[in-house]
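Trainee: Chains C and X, in that order, are what the protein sequence lines are. Residue numbering for the first sequence follows the UniProt record's numbering, starting at 1 and increasing by one per position. Residue numbering for the second sequence follows the UniProt record's numbering, starting at 1 and increasing by one per position. Even glycine gets a Cβ: it sits at the ideal position worked out from N, Cα and C. All values reported here derive from a predicted model rather than from experimental measurement.
Protein chains: 2
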Amino acid sequence: MADALKVGIAGLGTVGASLVRIIRERAEELAVTCGRAIEIGALSARDRSRDRGVDLSDITWFGSAEAMATEADIDVFVELIGGAEGAADQAVRAALERGLHVVTANKALLAKHGVELAALAEEKGVLLNFEAAVAGGIPVIKALRESLTGNKVSRVYGIMNGTCNYILTRMEKEGLSFQDCLREAQRLGYAEADPTFDIEGNDTAHKLAILTTLAFGTQIAADEIYLEGISNISIQDIEAAADLGYRIKLLGVAQKTESGIEQRVHPTMVPRDTVIAQVDGVTNAVAIESDILGELLMVGPGAGGDATASAVLGDIADIAKSRPGEQRVPVLGTPAKALAPYVKARMRSHEGGYFIRLTVADRTGVFASVASRMAENNISLESIVQRASPQPQAAAGSKTIILVTHATTEESVRNAVTAIKGESYLVGEPQVIRIERPKAF
Amino acid sequence: MADALKVGIAGLGTVGASLVRIIRERAEELAVTCGRAIEIGALSARDRSRDRGVDLSDITWFGSAEAMATEADIDVFVELIGGAEGAADQAVRAALERGLHVVTANKALLAKHGVELAALAEEKGVLLNFEAAVAGGIPVIKALRESLTGNKVSRVYGIMNGTCNYILTRMEKEGLSFQDCLREAQRLGYAEADPTFDIEGNDTAHKLAILTTLAFGTQIAADEIYLEGISNISIQDIEAAADLGYRIKLLGVAQKTESGIEQRVHPTMVPRDTVIAQVDGVTNAVAIESDILGELLMVGPGAGGDATASAVLGDIADIAKSRPGEQRVPVLGTPAKALAPYVKARMRSHEGGYFIRLTVADRTGVFASVASRMAENNISLESIVQRASPQPQAAAGSKTIILVTHATTEESVRNAVTAIKGESYLVGEPQVIRIERPKAF
Numbered sequence: 001m002a003d004a005l006k007v008g009i010a011g012l013g014t015v016g017a018s019l020v021r022i023i024r025e026r027a028e029e030l031a032v033t034c035g036r037a038i039e040i041g042a043l044s045a046r047d048r049s050r051d052r053g054v055d056l057s058d059i060t061w062f063g064s065a066e067a068m069a070t071e072a073d074i075d076v077f078v079e080l081i082g083g084a085e086g087a088a089d090q091a092v093r094a095a096l097e098r099g100l101h102v103v104t105a106n107k108a109l110l111a112k113h114g115v116e117l118a119a120l121a122e123e124k125g126v127l128l129n130f131e132a133a134v135a136g137g138i139p140v141i142k143a144l145r146e147s148l149t150g151n152k153v154s155r156v157y158g159i160m161n162g163t164c165n166y167i168l169t170r171m172e173k174e175g176l177s178f179q180d181c182l183r184e185a186q187r188l189g190y191a192e193a194d195p196t197f198d199i200e201g202n203d204t205a206h207k208l209a210i211l212t213t214l215a216f217g218t219q220i221a222a223d224e225i226y227l228e229g230i231s232n233i234s235i236q237d238i239e240a241a242a243d244l245g246y247r248i249k250l251l252g253v254a255q256k257t258e259s260g261i262e263q264r265v266h267p268t269m270v271p272r273d274t275v276i277a278q279v280d281g282v283t284n285a286v287a288i289e290s291d292i293l294g295e296l297l298m299v300g301p302g303a304g305g306d307a308t309a310s311a312v313l314g315d316i317a318d319i320a321k322s323r324p325g326e327q328r329v330p331v332l333g334t335p336a337k338a339l340a341p342y343v344k345a346r347m348r349s350h351e352g353g354y355f356i357r358l359t360v361a362d363r364t365g366v367f368a369s370v371a372s373r374m375a376e377n378n379i380s381l382e383s384i385v386q387r388a389s390p391q392p393q394a395a396a397g398s399k400t401i402i403l404v405t406h407a408t409t410e411e412s413v414r415n416a417v418t419a420i421k422g423e424s425y426l427v428g429e430p431q432v433i434r435i436e437r438p439k440a441f
Numbered sequence: 001m002a003d004a005l006k007v008g009i010a011g012l013g014t015v016g017a018s019l020v021r022i023i024r025e026r027a028e029e030l031a032v033t034c035g036r037a038i039e040i041g042a043l044s045a046r047d048r049s050r051d052r053g054v055d056l057s058d059i060t061w062f063g064s065a066e067a068m069a070t071e072a073d074i075d076v077f078v079e080l081i082g083g084a085e086g087a088a089d090q091a092v093r094a095a096l097e098r099g100l101h102v103v104t105a106n107k108a109l110l111a112k113h114g115v116e117l118a119a120l121a122e123e124k125g126v127l128l129n130f131e132a133a134v135a136g137g138i139p140v141i142k143a144l145r146e147s148l149t150g151n152k153v154s155r156v157y158g159i160m161n162g163t164c165n166y167i168l169t170r171m172e173k174e175g176l177s178f179q180d181c182l183r184e185a186q187r188l189g190y191a192e193a194d195p196t197f198d199i200e201g202n203d204t205a206h207k208l209a210i211l212t213t214l215a216f217g218t219q220i221a222a223d224e225i226y227l228e229g230i231s232n233i234s235i236q237d238i239e240a241a242a243d244l245g246y247r248i249k250l251l252g253v254a255q256k257t258e259s260g261i262e263q264r265v266h267p268t269m270v271p272r273d274t275v276i277a278q279v280d281g282v283t284n285a286v287a288i289e290s291d292i293l294g295e296l297l298m299v300g301p302g303a304g305g306d307a308t309a310s311a312v313l314g315d316i317a318d319i320a321k322s323r324p325g326e327q328r329v330p331v332l333g334t335p336a337k338a339l340a341p342y343v344k345a346r347m348r349s350h351e352g353g354y355f356i357r358l359t360v361a362d363r364t365g366v367f368a369s370v371a372s373r374m375a376e377n378n379i380s381l382e383s384i385v386q387r388a389s390p391q392p393q394a395a396a397g398s399k400t401i402i403l404v405t406h407a408t409t410e411e412s413v414r415n416a417v418t419a420i421k422g423e424s425y426l427v428g429e430p431q432v433i434r435i436e437r438p439k440a441f
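Listed below in structure tokens is the structure:
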């Protein structure tokens, strides 16, 4: 049997502590499967004294992650610190410079510096694995980087934030408001005290930026993502969606179009009888549409100490099983030097169906006016429904008009909505939700 | 750049022809991604003259697969012949003996000789990849063999036969009989002229046997699988299932129990609001439940020339990216020599919920008698419904009793059903369908 693979783990939060425990408990099985033992050669975390439920006293401890990366007697540097800058960034660079393999769960770091780090890993002939950075335990990085080799991806999309999906699911199942569900998510530990990063879509955007690069072979462009969170989704939207045969999910979508690549994160209506519509609660799902394989959907836990640790361990095992020397698996699917420039498709050019909910004064002629504004912008309607306004807070004498369009452009919809905003009958802000249709299931 | 990887392809049906086309069309991209070119070095098929839509005249042709395996100037032998014995078996053995890597899509071969072939590949230090053998384009082999390293799997199950899922979906959506849907499937090319192998569950069983070994590290035991096909599923069962909140799917299930491993293929009721229940038509799905990762579900195309070729190409690409020399990825997840004996759990010990549909004479006391037979066998009922028999062919004066049990054992259910068969009020055969509940979603 080959020499043991020595890993150094930086960051001992929930994931790190889980990883240490698993590597120890499963030492024998891992040695059999990987053809060599996996040993923990070094640890680093801010607070050495904290009780993490595992005895760490016999492992070499480093006060800083960078010191561990530079000095420890290890083969693999595992980064579980988090954050795009500072300790995580410095330590990962130091480890790669030294010729260590790196495993990281850090989506922010990759979304910001992924291309540079990939280039460095490739120059040094080491592996940089990051399965845990996107959709936790779901092996979507491996699918894109390995299984889909030779395929041309046309679209990748998914539910990649458990907090948002939990809130939307609760709203639908129990008819509760966004605020009530957010509080419940916070109480259960599914949402942070400051939930902005999750509910406004930033977390999904980081993950999407990484998937886009793997799917399309372009430079990472995390700052070029159209972003819309779920905080203005009301129970009225969810109910109207259900009536029309849809569910609302926060999706991250990257799609190839004639004018470039669309990257967008927004509340999305998906047809209720599709598989992804059935993904509820904190569960994540990622779909990949490609020209040879067709459609592939993977569903699983997007977070949690154990699920994330499992993904990290899979990455470590891949390193244990591989031969030393120059590596041929490009970090980002395409060698960093061969990544194409990212050409952004204008959001205004986005094509698809739209759901539009308007609260309007209950007067004669309003329905006809709304329909005219749509027609003037060449928007063809799948359905238009008028109903008494169910909103208790709505002005008396108001009613709701719900439109579902056939495929049209974002530009047309924005123009139509702007025109309607100029009408005196409109009460409050129009709600616009994009519709996304899975290709095969 | 390293030398080109030369592949020899044996078998040029739909998958083989698709593979040849893709390797040629995507030559440049493949070379970039894999760090070396992939070239077709040799071909072999029964009929050289057949038009396969691709020009094959410049490739060295072998009259027999075994001759190609033995003599061709290639690094990888790709077996797309099919069948557990004969040409495929001989050629794969010859290729491994010679020290060639092997990629195969042949589930029958692996279900029968997988352990021997894995041992041979490991002895020779070559890779034996077979992603396409189970659930076509879904990367379930890679997930079990690589991503889940370190996990203990508790259950793996899935919809792995597109023909059956197509028929069951059509029956449900259109209220058609099994025979009508089968004919439609045959007309569309989703079912063979002789569909027995698919509809009686044998095809699913081959795939399940392979998954069981990967999931539990035991010897392949394809002959130890409990088998029940879908040919006796009636529209009444499907409608009753729908009324009760279930859908009927043909599942292959491998599950660890205290007394051993259950392997079973049978029509199964799954709760309608689970993700797998939404998988319709020819689409496949495989779920893996494990202790660290949790639940993972993958959905995608289970067959088709391109989807299968994509999986084969992924396997070839993995070989292209790996270093030469002794390989550390065990073919079956666990090294062949370390596989544990397969200990079969008795089907009679299976625990779960059951759906039982009885056609009975419309007399006083029958309902009470049925309920008593259940109670005598310690079967606790979730629901018991009596309704007028909707079956036109049923004897006049008959009615239907539908029972759904709480978790009980197969033995108890069989005993209860045997007791009821002894009663004079029973009309025709009782229908018994097992219920399977996904753990997380």
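Assuming X:E79 and X:G11 are in contact, meaning their beta carbons sit under 8 Å apart, how far apart are those beta carbons, in whole angstroms?
Mentor: About 7 Å separates the Cβ atoms of X:E79 and X:G11, confirming a contact at the 8 Å cut-off.
Trainee: List the residues of chain C that X:K142 touches, going by C-beta distances under 9 Å, in chain order.
Mentor: P139, K142, A143, E146, S147
Trainee: Who are the near neighbours of C:L296 in its chain, counting only those whose CB is closer than 6 Å to its CB and skipping five residues on each side?
Mentor: I288
Trainee: Who does X:P330 pair with in a DSSP beta bridge?
Mentor: The partner list for X:P330 (beta bridge, DSSP) is empty, contrary to what the question assumes.
Trainee: Buried or exposed, going by whether 16 or more other CB atoms sit within 10 Å of the CB of C:A340?
Mentor: Per the 10 Å Cβ criterion, exposed.
Trainee: Does DSSP classify X:S231 as helix, strand or coil?
Mentor: coil
Trainee: Report the residue ranges of all alpha helix (DSSP H) runs contained in full by the stretch 186–213 of chain C; include only those spanning at least 4 residues, in chain order.
Mentor: Here the runs fully enclosed are 196–199.
Trainee: Quick one: which residues of the stretch 25–44 of chain X get their C-beta closer than 8 Å to a C-beta of chain C? List them in chain order.
Mentor: R26, E29, L30, V32, T33, C34, G35, R36
Trainee: Give the single residue among C:R323, C:P330, C:Y342, C:L358 whose Cα lies nearest to the Cα of C:D3.
Mentor: C:R323
Trainee: Using a Cβ cut-off of 7 Å, which residues of the stretch 278–291 of chain C contact any Cβ in chain X, in chain order?
Mentor: Residues Q278, V279, D280, T283.
Trainee: Looking only at C-alpha atoms, which of X:M347, X:E172, X:T212, X:P335 sits nearest to X:S259?
Mentor: X:M347
Trainee: For the beta strand (DSSP E) containing X:N284, list its first residue and its last residue.
Mentor: 283–290
Trainee: Quick check on X:K439: does DSSP put it in helix, strand or coil?
Mentor: coil
Trainee: Give the residues from the stretch 182–199 of chain X that approach chain C closer than 7 Å (Cβ to any Cβ), ordered along the chain.
Mentor: none
Trainee: So, X:I40 versus X:V15, is the Cβ gap smaller than 7 Å?
Mentor: Contact: no.
Trainee: Can you pull the chain X residues whose beta carbon is under 9 Å from the beta carbon of C:V413, in chain order?
Mentor: None at all; the shortest Cβ gap to chain X is about 29 Å.
Trainee: Mind checking C:L188: buried by the 16 CB within 10 Å criterion, or exposed?
Mentor: It is exposed - the Cβ of C:L188 has fewer than 16 other Cβ atoms within 10 Å.
Trainee: For C:N415, write down the residues that DSSP places opposite it in a beta bridge.
Mentor: Beta-bridge pairing links C:N415 to no other residue.
Trainee: Measure the Cβ-Cβ separation of C:S412 and C:I433 and say whether it is below 7 Å.
Mentor: no
Trainee: Can you find the residues in the same chain that come closer than 7 Å, C-beta to C-beta, to C:D237, ignoring five residues on each side of it along the sequence?
Mentor: I248, R357, Q431, I433
Trainee: Please classify C:R387 as buried or exposed, where buried requires at least 16 other C-beta atoms within 10 Å of its C-beta.
Mentor: The residue is exposed, with fewer than 16 neighbouring Cβ atoms inside 10 Å.
Trainee: Could you name the residues of the same chain whose beta carbon sits closer than 8 Å to that of C:V76, not counting the 5 residues immediately before and after it, in chain order?
Mentor: L5, K6, V7, G8, L100, H101, V102, V103, I316, I319
Trainee: Mind the definition here: the stretch 274–287 of chain X touches the stretch 118–131 of chain X only if three or more C-beta pairs lie below 8 Å; say whether that holds.
Mentor: no
Trainee: Which two residues bound the contiguous beta strand (DSSP E) that contains residue 442 of chain X?
Mentor: The question about residue 442 of chain X has no answer here: the residues shown for chain X are numbered 1 through 441.
Trainee: Write down the C-beta distance between C:A209 and C:I220 rounded to the nearest angstrom, noting that I regard them as a contact closer than 8 Å.
Mentor: 5 Å
Trainee: Could you tell me the distance, in whole angstroms, from the CA atom of C:V370 to the CA atom of C:R414?
Mentor: 14 Å
Trainee: Does X:M298 come within less than 7 Å of chain C when only Cβ atoms are used?
Mentor: yes
Trainee: Run through chain C and tell me which residues come within less than 9 Å of X:A135, C-beta to C-beta.
Mentor: Near X:A135 there are no residues of chain C at all, since even the closest Cβ is about 11 Å away, more than 9 Å.
Trainee: Any Cβ of chain C within less than 7 Å of the Cβ of X:G114?
Mentor: It does not: the Cβ of X:G114 has no partner Cβ on chain C nearer than 7 Å.
Trainee: Within the 7 Å Cβ cut-off, does C:L313 reach chain X?
Mentor: Judged by the 7 Å Cβ criterion, C:L313 is in contact with chain X.
Trainee: I'd like to know whether the C-beta atoms of X:A307 and C:L293 end up nearer to each other than 7 Å.
Mentor: yes
Trainee: Which residue spans inside the stretch 58–120 of chain X form an unbroken alpha helix (DSSP H) run of at least 4?
Mentor: 65–71, 87–97, all fully within the stretch 58–120 of chain X.
Trainee: Note down the Cα distance separating X:D203 from X:A105, rounded to an integer number of angstroms.
Mentor: Their Cα atoms are separated by approximately 13 Å.
Trainee: How big is the Cα-Cα spacing for C:T334 and C:D223?
Mentor: 21 Å
Trainee: Taking Cβ to Cβ, would you say X:L43 is nearer than 7 Å to X:L30?
Mentor: Going by C-beta atoms, X:L43 is not nearer than 7 Å to X:L30.
Trainee: Can C:V156 and C:A215 be called in contact, C-beta distance under 7 Å?
Mentor: In this structure, C:A215 lies closer than 7 Å to C:V156 by Cβ.
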